[in-house]
Every structure is written in structure tokens, then in C-alpha cells.
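Everything on this sheet refers to the single structure shown next.
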Amino acid sequence: MADFLNNSVKFVPGVGEARAKLLEKELGIITIGDLLRHYPFRYIDRTRIYRIAEVNESMDSSLVQIRARVTGVGYAGTGRKQRFSAFVSDASGSAELTWFAGIKWIEKSVEVGREYLIFGRPSFYRGELQLAHPEMELVEKALSRKAHSGMQGIYPSTEKIGSTLGTKGFFNIIANAWNVTEKHITESIPDSLRAHYGLMSLREAIFNVHFPQSAEKLQQAQQRLKFDEFLGVQLSIQAQRTDRLTRRNGFLFPKVGDLFNTFFNERLPFALTGAQKRVIKEIRQDTVSGYQMNRLLQGDVGSGKTMVALMSMLLAVDNGFQACMMAPTEILARQHFATISRQTEGMNLRVAILTGSSKAAERRHALEGIASGEVNILIGTHALIEDKVQFANLGYVVIDEQHRFGVEQRARLWTKNQQPPHILVMTATPIPRTLAMTLYGDLDVSVIDELPPGRQPIRTYHYTDSARLKLWGFLREQIAAGRQVYVVYPLIQESETMDYKDLEDGFQSIVQDFPQPDYRVTVCHGKMKPQDKEESMRQFKEHEADILVATSVIEVGVDVPNATVMVIESAERFGLSQLHQLRGRVGRGGGQSYCILMSGEKLSREARKRLQAMCQTTDGFRLAELDMQLRGAGDINGTQQSGMAFDLKIANPTLDADLLQRAREAAIAILSRDPQLEHPENRGLRTLRARHAGGRKFDFSMIS
Ligand code: ADP
Ligand code: MG
73 MADFLNNSVK
83 FVPGVGEARA
93 KLLEKELGII
103 TIGDLLRHYP
113 FRYIDRTRIY
123 RIAEVNESMD
133 SSLVQIRARV
143 TGVGYAGTGR
153 KQRFSAFVSD
163 ASGSAELTWF
173 AGIKWIEKSV
183 EVGREYLIFG
193 RPSFYRGELQ
203 LAHPEMELVE
213 KALSRKAHSG
223 MQGIYPSTEK
233 IGSTLGTKGF
243 FNIIANAWNV
253 TEKHITESIP
263 DSLRAHYGLM
273 SLREAIFNVH
283 FPQSAEKLQQ
293 AQQRLKFDEF
303 LGVQLSIQAQ
313 RTDRLTRRNG
323 FLFPKVGDLF
333 NTFFNERLPF
343 ALTGAQKRVI
353 KEIRQDTVSG
363 YQMNRLLQGD
373 VGSGKTMVAL
383 MSMLLAVDNG
393 FQACMMAPTE
403 ILARQHFATI
413 SRQTEGMNLR
423 VAILTGSSKA
433 AERRHALEGI
443 ASGEVNILIG
453 THALIEDKVQ
463 FANLGYVVID
473 EQHRFGVEQR
483 ARLWTKNQQP
493 PHILVMTATP
503 IPRTLAMTLY
513 GDLDVSVIDE
523 LPPGRQPIRT
533 YHYTDSARLK
543 LWGFLREQIA
553 AGRQVYVVYP
563 LIQESETMDY
573 KDLEDGFQSI
583 VQDFPQPDYR
593 VTVCHGKMKP
603 QDKEESMRQF
613 KEHEADILVA
623 TSVIEVGVDV
633 PNATVMVIES
643 AERFGLSQLH
653 QLRGRVGRGG
663 GQSYCILMSG
673 EKLSREARKR
683 LQAMCQTTDG
693 FRLAELDMQL
703 RGAGDINGTQ
713 QSGMAFDLKI
723 ANPTLDADLL
733 QRAREAAIAI
743 LSRDPQLEHP
753 ENRGLRTLRA
763 RHAGGRKFDF
773 SMIS
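Per the numbering used here, the very first residue in the sequence shown carries number 73; after that it's consecutive.
Pasting the structure below:
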């Protein structure tokens with residue numbers, strides 16, 4: 073089947089060149105296999121027909137089906153803004169159907185006076201039910217259709233696909249793809265394995281996932297397809313791991329030398345927490361083992377990961393190696409550089425910085441020092457992975473807040489060495505070990521599960537704009553008590569111009585409401601010149617400013633312990649993990665800290681859940697889980713943004729953790745008998761692994 077499924081999707085009846093292009097551009101579907109692996113993320117019961125009066129506002133994110141007669145049609149707007157409406161009613165009430173595109177076609181197919189089955193997403197305007205771009209079919213025609221189980225899949229889609237193909241059009245090409253492919257589907261996993269795990273055949277699974285014959289069959293189909301994905305990923309990861317562990321080419325850091333000892337005995341500004349000590353020990357064990365370390369360090373925001381990074385870099389330097397630390401933003405890199413330079417001042421250690429905006433002198437200093445070996449620790453942004461940066465003897469790499477990096481960027485760093493450096497990847501997004509492996513590949517995991525002493529939990533509140541006066545009063549109190557405040561605005565690429573205007577307006581009004589000389593307000597965002605950004609951060613750090621108005625550039629890592637209030641504007645537009653990161657900017661000193669989430673009155677159900685979750689818990693682990701659940705499957709952008717190294721279409725590592733565990737066991741067992749998957753019965757597994765070998769490209773230990 074592999075060969076057949078690799079044919080272009082354009083050969084599926086009803087697709088052709090133009091639609092094939094569209095499918096590729098919008099959904100990344102190139103081959104027939106891609107199309108059949110484009111699974112529904114939800115199913116609706118097409119036998120359920122609502123009365124118009126039954127549909128209410130709480131159903132806004134679901135799809136409903138009504139049976140109603142068209143009573144009239146109308147047009148509004150002109151040119152590109154044109155809109156076509158059909159008015160429909162049943163015995164219980166009336167509704168408006170609207171189209172903003174494809175009007176020519178739809179106006180021809182809607183007949184006044186006839187009765188249709190209408191299917192779409194409800195919304196309400198002035199209490200009246202509206203359905204935009206619904207799918208419709210004449211009642212007599214719909215009823216004559218053979219209803220299998222009544223369940224119909226809802227596919228991940230985009231606006232363009234929706235307006236060009238429609239739900240039904242998409243469904244039709246899936247059906248055509250199935251018809252031409254059915255006979256070519258061969259089993260991907262050996263019968264013995266299938267029997268052992270009680271899995272449905274691949275052919276039956278593909279059929280039922282698209283055309284469920286019953287709820288039970290659908291469930292089995294989903295299990296089977298999820299298992300295939302997890303198994304492919306696990307086969308790929310386990311192979312990487314075996315590879316890494318058979319090479320035994322890790323640098324050795326046997327010595328705890330002067331730098332580490334001097335720092336530990338004389339410089340350490342506080343006692344390490346038990347968790348910090350334990351992680352440093354784990355790193356030490358790895359770096360004397362002879363294997364290359366590939367370790368993920370998870371620790372909630374504020375748990376003190378930077379100190380672990382610094383002390384482990386000192387170990388590397390003590391053993392004659394260079395170390396580097398890569399941060400996701402300029403601000404963060406500069407902050408690390410400042411902190412580490414300060415903490416190691418006067419020691420026999422040279423620390424340099426390199427970022428995209430390093431000026432000539434700074435750049436030269438860094439590049440020459442790194443090439444000659446004089447610089448021991450290099451801190452920077454992804455400028456560190458430019459080709460020009462040649463290390464004399466790189467032995468250790470720390471990647472801070474790794475979820476912010478594109479996966480490709482991460483992978484480039486160690487192609488710089490013949491022998492791979494040890495890698496420590498730090499993140500504040502806590503995820504279970506097996507999940508981490510699925511997301512990021514072959515990694516060991518350390519956890520800092522303890523905050524430095526004396527921290528009080530941050531109090532989080534959700535306010536709407538009507539509470540702004542109250543909020544301003546609260547900020548004045550905090551500032552009078554000597555505290556500092558962040559006010560953060562979202563910045564979403566697509567609407568950048570508008571977002572900057574929001575920030576600009578917000579800044580102006582804050583400056584007005586918090587006038588000088590009593591209050592000092594500064595601003596920091598991505599469009600400012602690097603030196604201006606730096607200056608504004610410096611002012612805030614040194615308490616020359618009371619309020620910092622910023623975009624989410626300060627989301628990660630920024631450390632100003634005296635700041636106790638984080639105000640997040642339009643908080644509904646941020647994801648949970650971003651909100652948690654932002655909140656982590658406060659609560660770093662001893663004082664009681666607060667996070668205020670501002671939003672409009674009207675919120676989608678999901679946004680409301682996110683904000684509620686933030687108010688209820690400060691536990692990053694809980695939030696990460698909720699985030700995965702809220703985003704769920706079918707969220708194409710979400711998956712891309714989360715930087716997943718593996719392309720999972722149906723399996724969800726959080727929700728299907730058990731299955732993931734089983735696939736992992738299976739992969740280990742299979743590879744122990746047939747490491748290269750050479751056995752004929754494992755041929756399908758090879759294909760499966762190859763499909764998920766995409767993850768290899770992001771492998772931390774790859775040095776090819
Ligand atoms: P994160 O894990 O979010 O990167 P940081 O490394 O920025 O956290 O540390 C947060 C704050 O806690 C910093 O101000 C740091 O100096 C302080 N800190 C780190 N470790 C300890 C400790 N063991 N005791 C007290 N304060 C600590
Ligand atoms: Mg940090």
C-alpha cells in the first residue's frame with residue numbers, strides 16, 4: 073500500500089490539480105495517504121435533528137442540524153463585502169443562513185419554498201439564530217441516503233477549504249479516496265502484535281475512522297490508528313536512543329575543579345534547594361558516564377533553573393571545555409549574561425555574549441574569544457548557531473526555555489562538533505517523561521519540584537474593563553509600597569498593526585493616569601531598537617521605573633524580584649502556558665504577588681475556561697495538562713506552535729497516555745529482537761517508523 077498511498081492526492085476523483093494545490097497549501101495534504109490520514113477530530117450524530125427553538129447560545133462551539141423551509145433570500149453589502157442570506161423557519165422558530173463567499177453557486181442551489189436539512193455552527197445575533205456557511209441538502213434527498221450509524225466525521229479544516237469544498241465536498245473526496253485505495257491497503261504491523269494488543273486491522277480502522285459503522289467500531293478504529301502513530305514514534309525514538317548509547321562518545325567531566333568549588337563555597341548567593349542539588353548531581357553522573365548527555369530539565373517558573381545551568385557550565389569549564397547557553401530572546405540572553413557575569417566577577421572565567429544585535433566590537437570579541445578558546449562561556453540567542461560561530465572546544469550546551477525555539481534551530485547547534493556536546497534543555501512547561509519523549513525525542517528528564525524557600529503563592533484575579541478604576545487604585549497602592557508592576561499586551565502576528573496600536577494607546581493612558589513625577593512608566597516591545605529595549609529593561613530592573621508596559625517579549629525568563637503585580641491585558645488572547653509564563657515574572661521575591669487577567673465581557677467558552685484555570689491554580693503541571701486538553705485534537709495551529717517534534721494526527725500524548733505506554737513497551741520488545749527491523753514481517757513497521765522519522769531531524773544528539 074505504501075506505494076499507492078504515496079501517489080498525489082490529485083488522482084483522487086473530485087480533486088484534480090487546483091484542489092490538490094489547495095489541500096497542500098491549507099492542510100499539508102500532498103499524497104492520498106495524507107488524505108486518508110486526515111482524520112476527523114469529532115463526530116456528530118446526523119440522525120439528531122434540532123428544532124430551531126432548541127438551539128441556544130450554550131451550543132456555540134458545537135455543530136447542529138435543523139430541518140427547515142426556506143422562506144426568502146436577500147443580499148447585503150457590495151463587492152468583496154457582499155453577503156447572501158437565506159431565511160428559514162420550522163414550526164418552532166426562524167433562523168438566518170449567511171454566505172460570504174461562493175455566493176454565485178449557493179444562490180442557484182437554494183430554492184425558496186423547499187425544505188432542507190441544514191447543518192452548521194450556530195451563532196446568535198440579537199437573539200436570532202444564525203448559521204454561517206452551513207451545509208444544506210434537500211430533505212427528501214437526505215432521507216433517501218443510507219444512514220450507516222448516523223455518525224459523521226468533522227474534519228480539521230480551514231476557512232478556505234470550508235468555503236471552497238464545504239463539509240460535504242470534503243467528505244466526498246474522502247469517500248472517493250477510500251474507494252480507490254481500499255484494495256491497496258496492507259497491514260502495517262505483524263499479526264502477532266495485533267493479536268497481542270487486540271487491535272483492529274488497519275483496513276477496517278481506516279474505514280471506520282472515516283465512516284463509523286458503530287460507536288464501538290469507531291472507538292476500536294481510533295485505538296488502532298493511535299497505536300500506529302505512537303508505535304512509529306517510539307520505534308524512531310528507541311532507535312535514536314540505542315544509537316546514542318552504543319556510541320559511547322560523550323565527553324568526560326571527571327573533575328570538580330576550582331571554578332565550581334570557589335563558586336560553591338564563596339559565591340553562591342543563597343543555599344541551593346534540595347531539588348537543585350539533586351539535578352546538579354544527575355548532570356554530574358551523566359557527564360562522567362562516557363555517554364553523551366541529553367537531558368531535559370523541567371522546573372516551574374521561578375524554581376531556579378539558571379543556577380543549575382551556571383553551576384553545570386562551571387563543571388564543563390573546570391574540565392577544559394567551553395560551554396554555551398542559548399536563550400530564546402535578546403532580553404533574556406542579556407539578562408543571563410548580566411547575572412552570570414555579576415555572580416562570577418573576579419573569578420578566573422571569561423563570559424561573552426553574542427546576539428543578533430551585537431555590535432561589531434562585541435561580536436568580534438565573542439567570535440575571536442570562542443575560536444581561540446579564551447572565552448569559556450558564551451551566552452546568546454540563536455545567533456549562536458550561525459555558521460560563523462566556531463568553538464575551539466565546545467563540550468556543554470544549555471538551551472533555556474526550549475519550547476520557544478523552533479525545533480530546527482535547536483538541532484543545528486551541535487552539528488558544530490565532531491563529537492557531540494552534552495546537552496541540557498531547560499523548560500518551565502512540565503510534562504510527564506513519556507510525553508516529553510514523544511514531544512522532544514530521546515531525552516532523560518530531571519525535575520526541580522521545589523521552589524526556593526519563602527515564596528508565597530501568587531494570587532490571580534480575572535477582571536473585566538469595568539473594574540479598571542479599581543485596578544488602577546490597587547496599582548497605586550502597590551507602587552506606594554515600593555513595588556513594581558508589569559502591564560503586558562498581546563501581540564499576535566496577523567494583527568500586528570492593531571496590536572501595536574492597543575499597546576501604544578494603553579501606554580498613553582497609563583502615562584496619563586500615572587503622571588510624573590510620582591510615577592515612572594517605561595515601555596518595551598519588539599519594534600524598539602535593541603538598545604532602547606535594553607535601556608527600558610535596565611530602568612525597570614534598577615527600579616528607575618515603577619511600571620513596565622510591554623508586549624509578551626518579557627514572557628520568558630525575565631527576573632525582577634521586586635515586581636509584584638503582573639497585569640495581562642486581553643488575557644483571553646493568550647494560551648495557558650503563555651499566561652503561566654507571564655505570571656511567573658512575579659512572585660520571585662519575598663512579597664505577596666498578584667496576577668490580574670483583564671478581558672472584555674464577552675468570552676468564548678474556551679477562553680473562559682483558561683482564565684478560570686489560571687485563577688484556580690498556580691501549578692504549572694496542572695495547567696500544562698489542561699492546556700493540552702483544551703486545545704485537543706483538530707487544532708492544527710496549536711500542534712504546530714507547540715513545537716512537537718513528531719507529527720501526530722490522531723494520538724494525543726496526554727489523553728492517550730496508556731496507549732503511549734503500551735506502544736513504548738511494544739517498540740522496545742520489537743527492537744530487542746530485530747534492531748534494524750529487517751525481518752520480513754516487520755516491513756510495515758519500517759514504513760511506520762520512517763513516517764515518524766521526522767523526529768530524527770530534531771534529535772538532540774544527531775551529529776551527522
Ligand atoms: P527559572 O527556573 O524560572 O529560570 P530563575 O533561575 O530565574 O528561575 O530563578 C528565579 C529567582 O529565584 C531568581 O531571582 C534566583 O536568583 C532565585 N533563586 C534561585 N535559586 C534559589 C535558591 N535556592 N534560593 C533562593 N533564591 C533562589
Ligand atoms: Mg529561566
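Even glycine gets a Cβ: it sits at the ideal position worked out from N, Cα and C.
What is the rounded straight-line gap between the Cα of residue i and the Cα of residue j?
{"i": "Ser417", "j": "Val497", "result": "Contrary to the premise, residue 417 reads as Glu rather than Ser in this sequence. Near 26 Å, if we compare the C-alpha coordinates of Val497 and Glu417."}
{"i": "Val469", "j": "Met398", "result": "8 Å"}
{"i": "Gln588", "j": "Asp618", "result": "11 Å"}
{"i": "Asn333", "j": "Gly647", "result": "42 Å"}
{"i": "Asn465", "j": "Ile442", "result": "9 Å"}
{"i": "Arg482", "j": "Ser229", "result": "The predicted position of Arg482 is uncertain, since its pLDDT is 48 and thus under 50; a value taken from the coordinates is nonetheless stated next. Cα-Cα distance, rounded: 30 Å."}
{"i": "Thr759", "j": "Ser286", "result": "29 Å"}
{"i": "Ser624", "j": "Met208", "result": "43 Å"}
{"i": "Phe546", "j": "Ala539", "result": "11 Å"}
{"i": "His534", "j": "Asp590", "result": "27 Å"}
{"i": "Gln154", "j": "Glu179", "result": "13 Å"}
{"i": "Thr499", "j": "Phe191", "result": "43 Å"}
{"i": "Arg761", "j": "Ile740", "result": "13 Å"}
{"i": "Glu200", "j": "Val658", "result": "44 Å"}
{"i": "Val447", "j": "Ser413", "result": "12 Å"}
{"i": "Val351", "j": "Ser361", "result": "16 Å"}
{"i": "Ala552", "j": "Tyr666", "result": "15 Å"}
{"i": "Glu458", "j": "Val182", "result": "59 Å"}
Under a Cβ-count criterion, where at least 16 other Cβ atoms within 10 Å of its own Cβ denotes burial, should residue i be classed as buried or exposed?
{"i": "Thr197", "result": "Reading off the sequence, residue 197 comes out as Tyr, not Thr. Under this definition Tyr197 is an exposed residue."}
{"i": "Asn128", "result": "exposed"}
{"i": "Gln713", "result": "Unreliable positioning characterises Gln713 in this predicted model, as indicated by a pLDDT of 37, which lies under 50. The coordinate reading is nonetheless provided below. Under this definition Gln713 is an exposed residue."}
{"i": "Ile722", "result": "buried"}
{"i": "Asn78", "result": "exposed"}
{"i": "Val84", "result": "buried"}
{"i": "Lys613", "result": "buried"}
{"i": "Val517", "result": "buried"}
Which residue wins for smallest C-alpha separation from residue i, given the options the options?
{"i": "Val211", "options": "Ala267, Ile138 and Ile246", "result": "Ile138"}
{"i": "Arg645", "options": "Ser538, Ser671, Ala163 and Phe243", "result": "Ser671"}
{"i": "Leu382", "options": "Thr453, Ala765 and Ile471", "result": "Ile471"}
{"i": "His652", "options": "Gln154, Gly661 and Met638", "result": "Met638"}
{"i": "Ala786", "options": "Tyr535, Met609, Val632 and Glu616", "result": "With the chain represented from 73 up to 776, any question about residue 786 goes unanswered, as that position is not in the structure."}
{"i": "Leu731", "options": "Leu271, Glu126 and Thr170", "result": "Leu271"}
{"i": "Pro529", "options": "Gly452, Asp459, Gly656 and Pro493", "result": "Gly656"}
{"i": "Met62", "options": "Thr345, Phe242 and Val328", "result": "Outside the displayed range of the chain (73 to 776) lies residue 62, so it cannot be described from this structure."}
{"i": "Asn251", "options": "Gln224, Arg422, Gly86 and Thr143", "result": "Gly86"}
{"i": "Arg356", "options": "Pro492, Ser157, Leu387 and Glu338", "result": "Leu387"}
{"i": "Asp514", "options": "Gln312, Ala424 and Lys613", "result": "Gln312"}
{"i": "Ser384", "options": "His408, Ser375, Val328 and Glu338", "result": "Val328"}
{"i": "Gln462", "options": "Ala438, Val182 and Glu473", "result": "Ala438"}
{"i": "Gly663", "options": "Ala635, Ala343 and Phe302", "result": "Ala635"}
So residue i is in the alpha helix (DSSP H); what residue range does that whole segment cover?
{"i": "Glu434", "result": "Ala432 to Ser444"}
{"i": "Thr359", "result": "Gly346 to Thr359"}
{"i": "Ser157", "result": "Taken as a continuous stretch (DSSP letters only), Ser157 belongs to no alpha helix (DSSP H), being part of the beta strand (DSSP E) at Arg155 to Asp162."}
{"i": "Ala552", "result": "Arg540 to Ala552"}
{"i": "Ala90", "result": "Gly88 to Leu99"}
{"i": "Asp315", "result": "Ala287 to Arg319"}
{"i": "Phe279", "result": "Leu274 to His282"}
{"i": "Ser384", "result": "Lys377 to Asp390"}
{"i": "Asn248", "result": "Gly238 to Thr253"}
{"i": "Thr334", "result": "Asp330 to Thr334"}
{"i": "Phe325", "result": "Taken as a continuous stretch (DSSP letters only), Phe325 belongs to no alpha helix (DSSP H), as it is neither H nor E."}
{"i": "Leu108", "result": "Ile104 to Leu108"}
{"i": "Leu189", "result": "No alpha helix (DSSP H) holds Leu189; the beta strand (DSSP E) holding it covers Glu187 to Gly192."}
{"i": "Arg677", "result": "Arg677 to Gln688"}
In the DSSP assignment, find the beta strand (DSSP E) that holds residue i and state where it starts and stops.
{"i": "Gln733", "result": "Counting along the chain, Gln733 falls outside any beta strand (DSSP E), though it belongs to the alpha helix (DSSP H) covering Ala729 to Arg745."}
{"i": "Gln394", "result": "Gln394 to Met398"}
{"i": "Arg21", "result": "Summary: the structure shown does not reach residue 21, with the chain confined to residues 73 through 776, and so no result is reported for it."}
{"i": "His751", "result": "Looking at the DSSP string, His751 is not in any beta strand (DSSP E), and its letter there is neither H nor E."}
{"i": "Ala148", "result": "Val136 to Ala148"}
{"i": "Gln202", "result": "Glu200 to Ala204"}
Return yes when at least one heavy atom of the ligand FMN lies under 7 Å from the C-beta of residue i, else no.
{"i": "Val351", "result": "No copy of the ligand FMN occurs in the structure displayed; its ligands are the ligand ADP and the ligand MG alone."}
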